[in-house]
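Novice: The structure's right below; bear with me while I get my questions together.
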Amino acid sequence: MLHRNGTEVPMTIVHHIFELLSRDWLIKFVHVYREANAVADRLAKSVPLDLLEFRIFVDPPYFITALLQVDCMADG
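If you use this note's numbering, the sequence shown corresponds to residues 178 to 253, in order.
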């Protein structure tokens, strides 16, 4: 297992990343600082690392509403 911030990251995630990288397409990774992407950072922190399930939100979770409002004001 890999370690991230003192916690273990399942190797299956790493294998999926390498599988995607091996496909015949152009991939570009861009690092976005968490301060510039607070909504994604908060969503990522809300889920335990050992929970690997797909979730679709019809409405934004209550805990990111204020962050979305800040993002909207910054883009305008």
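All C-beta atoms, glycine included, are put in the ideal place defined by N, C-alpha and C.
May I have the straight-line CA-CA distance separating Lys207 from Leu220, to the nearest angstrom?
Specialist: Correcting the residue identity first, residue 207 is Val in this sequence and not Lys. If you take the alpha carbons of Val207 and Leu220, they lie about 19 Å apart.
Novice: Just the Cα atoms here: how many angstroms apart are Thr189 and Ala213?
Specialist: One C-alpha to the other measures close to 28 Å.
Novice: CA-CA distance, Leu226 and Met250?
Specialist: Rounded to the nearest angstrom, the two C-alpha atoms are 31 Å apart.
Novice: Rounding to the nearest angstrom, what Cα-Cα distance links Thr242 and Asp236 in this structure?
Specialist: Rounded to whole angstroms, Thr242 to Asp236 spans 10 Å at the Cα level.
Novice: Along the chain, which unbroken stretches of the alpha helix (DSSP H) at least 4 residues long are found entirely within the region 200-249?
Specialist: As far as the region 200-249 is concerned, its whole alpha helix (DSSP H) runs of at least 4 residues are 215-222.
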